[in-house]
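In what follows, a structure is listed as structure tokens, so that the remarks can point back to it.
Number of protein chains: 2
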Amino acid sequence: MGTDGISQEELQLATRNHGMPLELLREPVTPIGLHYLLVHYDIPSVDATSWRLEVGGRVERAMSLDLDELRARPSLEVAATMECAGNGRARIEPRVISQPWLSEAVGTGLWRGVRLADLLDDARPRDDAVEVLFTGLDRGIENEEEQFFERSLPLEEARRSDVLLAYELNGAPLPPQHGFPLRLLVPGWYGMTNVKWLARITLLDEPFDGYQQAGGYRLRRDADDPGRPLTRIFPRALLVPPGIPEFMSRARTVDAGTLRLVGRAWSGHAPIAGVEVSDDGGSTWASAELEPATLGPWAWRGWSYDWAAKPGEHVLCCRARDEAGNEQPLEPQWNLGGYANNAVQRVTVTVRRR
Amino acid sequence: MGTDGISQEELQLATRNHGMPLELLREPVTPIGLHYLLVHYDIPSVDATSWRLEVGGRVERAMSLDLDELRARPSLEVAATMECAGNGRARIEPRVISQPWLSEAVGTGLWRGVRLADLLDDARPRDDAVEVLFTGLDRGIENEEEQFFERSLPLEEARRSDVLLAYELNGAPLPPQHGFPLRLLVPGWYGMTNVKWLARITLLDEPFDGYQQAGGYRLRRDADDPGRPLTRIFPRALLVPPGIPEFMSRARTVDAGTLRLVGRAWSGHAPIAGVEVSDDGGSTWASAELEPATLGPWAWRGWSYDWAAKPGEHVLCCRARDEAGNEQPLEPQWNLGGYANNAVQRVTVTVRRR
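Quick note, the sequences are listed as chains A and B, same order. So for the first sequence, our numbering puts the first residue at 310; every next one is plus one. So for the second sequence, our numbering puts the first residue at 310; every next one is plus one.
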């Protein structure tokens, strides 16, 4: 937990990782370089000609595949909205010290790759296999342990038909920062699930208890609470900040009149059921119009609202709810790791007379 | 000037703009999405089919060109290292409040476009033309003035044979965040010079006195000092942080033994004359070996140094000097805007016994 200001250590993370500039919410698919990015350790340099994916552990048939072999298999493209589990962390009080996101740690990509389920079928998990462990090539020290970044999935989740081993983003080979040559993609789950720079897939006969599973990425009340693991993305709506910004404060100025507010909303739990907009900081709400889900079930959903902008200062908010009954809270909910703060966005707008 | 911590306003800029993760210094050309990015206002959405570049002002022949017409002209590719004039700002004390860069606001791109000089020849500047003004499409409020981002160059500088109107980066159309469809590229000058989302080029018969020229981007002692304009990049060397990082502190751990330290160095004033390395925080220095300047005169130069890493904690530093006699200082030099802090990088490394 921290003081009022962001420390130089946090700033080191904020200058190397990056969010999606919120005006890019106008695009259904986020261009390369504008999708949010979080890298735990360093971006590894991978030689695709010598790289191989190893599949082993509790399987009948261990496998080793190179990139050409993977690309020769049947492929599938999935549009998925990905969000960092730490999105909103820097707005939680008392502050939690880690990557200090405000609300921009999100993006939507067109991910192409092979179905993980098909590969698992070929490897034939043994009857005692319960989890699938994914090991990346990025190595560092965290919680005083030297480690490769690795996370697991329950076998049943790993066998979902839309879980990919992805080698393309937006029609091009994965960029280095998004996991070249191969990453996991689990649509609907928070970003840390989607292990980058994949080197090894290991079937386990007991749940994985490494740091990124048992220590990090859990909703914990305090250090004694083992907490609940973070899995699927909680709902959030974000607004394209209207009008023009002031450089330093990012405060917005618009002209009076009817203004179409637009944004996007997503949830990893269930389809978006509705988005509401407020122009008085969350006291009163009106329903926005949802666009069709043209990118499929795992991508954010566009929405719009015609706002009668009257001169003065207004605080615009938006909030989403999903069909599973999850709704964004008005205020952040504190937890030890500063995760999953999906409190509603607030955008201060000055409306001036034309 | 600020307090010890970074404010939420500064963090808003740090989460939307981004630096180059320093491990990417290993690459001679920075991949898309990893090149540093600073956007003053919002990234504009430009429809390339209706976009035109207007050339006017003090010219005999005003012109209006679409993207196809520009692409049909002879083109040139220039490898250029670009750095933000604010790089290093967050390490200056007392702190200056703006985009809080540490040392990562840099990148090298392969920029392709048409020679500005050729276009100016066609437009035939009048005898009284002294400057060329470049107006971008990004609009916002700064210094309480509503403005498009615009900057000028002296006519002589604009006529340099390597100044481009660039429409490609690394062999692909400019990404939206780097100025699609067209930007100015002035190799060797700080980033703000290279106006993005170009809409208009205007020949002026007197020096431009808009905010980004007369207010911002000047080395000023205090608010009463008009200061000197920032133009060419001062020298800097950066080191690929060796070994592996700790997630939060980014502190490095390496094994004892001979370790090849590598990095890159650049200056916009003159070719790099030498790079030195220190492993004791800058008390003693040894010369690094410079690689050939294979990317041409405007790109950073690789260097290496074989370091005998002995167990314990060390502070690695590197510093560059150029053939014009500019050398990096050991400590930051304060100025009102927090610009051009090219004090030497310091990387704390723990060397452990193998």
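Where a beta carbon is used, it is the ideal one built from N, C-alpha and C, also for glycine.
Margin query: Looking at the strands, I want to know which residues DSSP matches up with tryptophan 575/A.
Written below: Counting from 1 along the first sequence, the entry for residue 575/A is found at position 266. According to DSSP, which records beta bridges pairwise, tryptophan 575/A is partnered with Arg545/A.
Using a cut-off of 9 Å between C-beta atoms, extract the partners of serine 613/A located in chain B.
One-based indexing of the first sequence puts residue 613/A at position 304. Those do not exist, as serine 613/A stays about 16 Å from chain B at its closest Cβ, beyond 9 Å.
Check each residue of the segment 552 to 571 of chain B: if its Cβ is closer than 7 Å to any Cβ of chain A, include it; give the result in chain order. Ile553, Pro554, Glu555, Phe556, Met557, Ser558, Arg559, Thr562
_Can you tell me where the alpha helix (DSSP H) holding alanine 432/B begins and where it ends?_
Your numbering for residue 432/B matches position 123 in the second sequence. 425 to 432 is the extent of the alpha helix (DSSP H) around alanine 432/B.
| task | Would you list the one or two residues that DSSP bridges to serine 461/A? | result | The sequence position of residue 461/A within the first sequence is 152, counting from 1. Looking at the DSSP assignment, serine 461/A forms a beta bridge with Leu442/A.
key: Length of the line joining the Cα atoms of alanine 617/B and alanine 399/B   = As a first step, residue 617/B must be located in the second sequence, where it is residue number 308. As a first step, residue 399/B must be located in the second sequence, where it is residue number 90. Using only the alpha carbons, I get a separation of about 32 Å.
Notebook entry, point to check: Can we say the segment 614 to 634 of chain B touches the segment 519 to 533 of chain B, given the rule of at least three CB pairs closer than 8 Å?
Noted result: no
| field | Contact list for glycine 519/A against chain B, beta-carbon separation under 8 Å | value | Position 210 of the first sequence, counting from 1, holds the residue named residue 519/A. Under the 8 Å cutoff, chain B gives no residues; its nearest Cβ is about 14 Å from glycine 519/A.
- Message: Taking the alpha carbon of proline 601/B as the reference point, which residue from Gly611/B, Trp607/B, Thr593/B, Trp594/B has its own alpha carbon closest?
- Response: Locating residue 601/B in the second sequence gives position 292, counting from the first residue. When each option's Cα is compared against that of proline 601/B, the closest is Gly611/B.
What does aspartate 356/B reach in chain A if we use C-beta pairs closer than 8 Å? Here residue 356/B is taken as the residue at index 47 of the second sequence, counted from 1. Within chain A, no residue comes near aspartate 356/B; the closest Cβ sits about 13 Å away, beyond 8 Å.
| task | In angstroms with no decimal places, state the Cα-to-Cα distance between leucine 425/B and valine 415/B. | result | The residue you call residue 425/B lines up with position 116 of the second sequence. The residue you call residue 415/B lines up with position 106 of the second sequence. Cα-Cα distance, rounded: 24 Å.
* By DSSP, does tyrosine 345/B sit in helix, in strand, or in coil? -> Taking the first residue of the second sequence as 1, we reach residue 345/B at position 36. Tyrosine 345/B: coil per DSSP, three-state reduction.
- If you follow the alpha helix (DSSP H) that arginine 325/A is part of, which residue opens it and which one closes it? Translated into the one-based positions of the first sequence, residue 325/A becomes position 16. That run of the alpha helix (DSSP H) goes 317 to 325.
Is glutamate 477/A close to chain B? Criterion is C-beta to C-beta, closer than 8 Å.
Here residue 477/A is taken as the residue at index 168 of the first sequence, counted from 1. Chain B contact via Cβ: absent.
Chain A partners of glutamine 321/B, CB-CB under 7 Å? Position 12 of the second sequence, counted from the first residue, corresponds to residue 321/B. Those are Leu411, Arg559, listed as they occur along chain A.
Nearest chain B C-beta to tyrosine 499/A closer than 8 Å, yes or no?
Residue mapping note: residue 499/A aligns to position 190 of the first sequence, counting from 1. For tyrosine 499/A, the answer is no, since every Cβ of chain B falls outside 8 Å of its Cβ.
* Using a Cβ-Cβ cut-off of 8 Å, state whether glutamine 486/A counts as contacting chain B. => Here residue 486/A is taken as the residue at index 177 of the first sequence, counted from 1. Chain B contact via Cβ: present.
Tyrosine 648/A versus serine 373/B: straight-line alpha-carbon distance, rounded:
Against the first sequence, residue 648/A aligns to sequence position 339. Against the second sequence, residue 373/B aligns to sequence position 64. Rounded to whole angstroms, tyrosine 648/A to serine 373/B spans 51 Å at the Cα level.
Self-check item: Partner residues on chain A for alanine 399/B, Cβ-Cβ distance less than 9 Å
Solution: For the purposes of this step, residue 399/B is taken as residue 90 along the second sequence, with counting starting at 1. Those within 9 Å of alanine 399/B in chain A are Gln317, Leu320, Thr324.
Requested in this report: Helix, strand or coil for methionine 391/A, going by three-state DSSP, please let me know.
Outcome: As a position in the first sequence, residue 391/A is number 82, starting the count at 1. Strand at methionine 391/A.
Cβ neighbours of aspartate 514/A in the same chain (closer than 7 Å, five flanking residues each side left out)
By one-based count along the first sequence, residue 514/A stands at place 205. Within the same chain, aspartate 514/A has close Cβ partners Arg367, Asp437, Ala438, Val439.
**OP:** May I have the straight-line CA-CA distance separating serine 407/A from glycine 328/B, to the nearest angstrom?
**Re:** Position 98 of the first sequence, counted from the first residue, corresponds to residue 407/A. Position 19 of the second sequence, counted from the first residue, corresponds to residue 328/B. So the alpha carbons of these two residues sit roughly 18 Å apart.
Would proline 340/B pass as an interface residue toward chain A - the criterion being a Cβ-Cβ separation below 8 Å? By 1-based counting over the second sequence, the position of residue 340/B is 31. Chain A contact via Cβ: present.
Please report the residue range of the beta strand (DSSP E) in which cysteine 362/A lies. Here residue 362/A corresponds to residue number 53 of the first sequence, with the count starting at 1. Note that residue 362/A corresponds to leucine in the displayed sequence, not to cysteine. 362 to 366 is the extent of the beta strand (DSSP E) around leucine 362/A.
Legend entry - Partners in chain B for tyrosine 350/A, counting only beta-carbon separations shorter than 8 Å: Against the first sequence, residue 350/A aligns to sequence position 41. Per Cβ cutoff of 8 Å: Ile553, Pro554, Phe556.
Of all the options Ile450/B, Arg433/B, Arg541/B, which has the alpha carbon lying nearest to the alpha carbon of arginine 559/A?
By one-based count along the first sequence, residue 559/A stands at place 250. With distances taken between Cα atoms, arginine 559/A lies closest to Ile450/B.
Problem - Member of Arg370/B, Leu548/B, Leu442/B whose CA lies at the smallest distance from the CA of glutamate 287/B - result: Outside the shown range of chain B (310 to 663) lies residue 287/B, about which nothing can therefore be said.
Give me the subset of the segment 430 to 463 of chain B whose CB atoms are less than 8 Å from a CB atom of chain A, sorted by chain position. Arg448, Gly449, Ile450, Glu451, Glu455
Can you pull the DSSP bridge partners for glutamate 477/B? Position 168 of the second sequence holds residue 477/B. Per DSSP, Arg421/B, Pro482/B.
Can you grab the Cα-Cα spacing for the pair alanine 652/A / isoleucine 401/A, in whole Å? As a position in the first sequence, residue 652/A is number 343, starting the count at 1. As a position in the first sequence, residue 401/A is number 92, starting the count at 1. Rounded to whole angstroms, alanine 652/A to isoleucine 401/A spans 10 Å at the Cα level.
* To do: Using a threshold of 8 Å, state whether the C-beta atoms of leucine 474/A and leucine 493/A are closer than that.
  => Here residue 474/A is taken as the residue at index 165 of the first sequence, counted from 1. Here residue 493/A is taken as the residue at index 184 of the first sequence, counted from 1. Cβ atoms of leucine 474/A and leucine 493/A: closer than 8 Å.
* To do: Ignore the nearest five residues each way along the sequence and tell me which others in arginine 509/A's own chain have a CB closer than 6 Å to its CB.
  => On the first sequence, residue 509/A is found 200 positions in, with the first residue counted as 1. So the list reads Glu363, Thr444, once near-sequence residues are dropped.
| message | Tell me which residue opens and which closes the beta strand (DSSP E) that aspartate 564/A is part of. | response | In the first sequence, the residue the question calls residue 564/A occupies position 255. Unbroken beta strand (DSSP E) run through aspartate 564/A: 561 to 564.
Under 9 Å from the C-beta of proline 601/B: neighbouring residues of chain D:
Of the protein chains in this structure, namely A and B, none is chain D.
C-beta contact flag for proline 620/A and arginine 661/A at 8 Å: Taking the first sequence and counting its residues from 1, one reaches residue 620/A at position 311. Taking the first sequence and counting its residues from 1, one reaches residue 661/A at position 352. It is a contact, given that the beta carbons lie within the stated cut-off.
(Q) On a Cα-Cα basis, can you pick out the residue from Glu332/B, Leu347/B, Pro337/B that is closest to alanine 323/B? (A) Reading the second sequence from its first residue, position 14 is the one you call residue 323/B. Checking every option, the nearest Cα to that of alanine 323/B belongs to Leu347/B.
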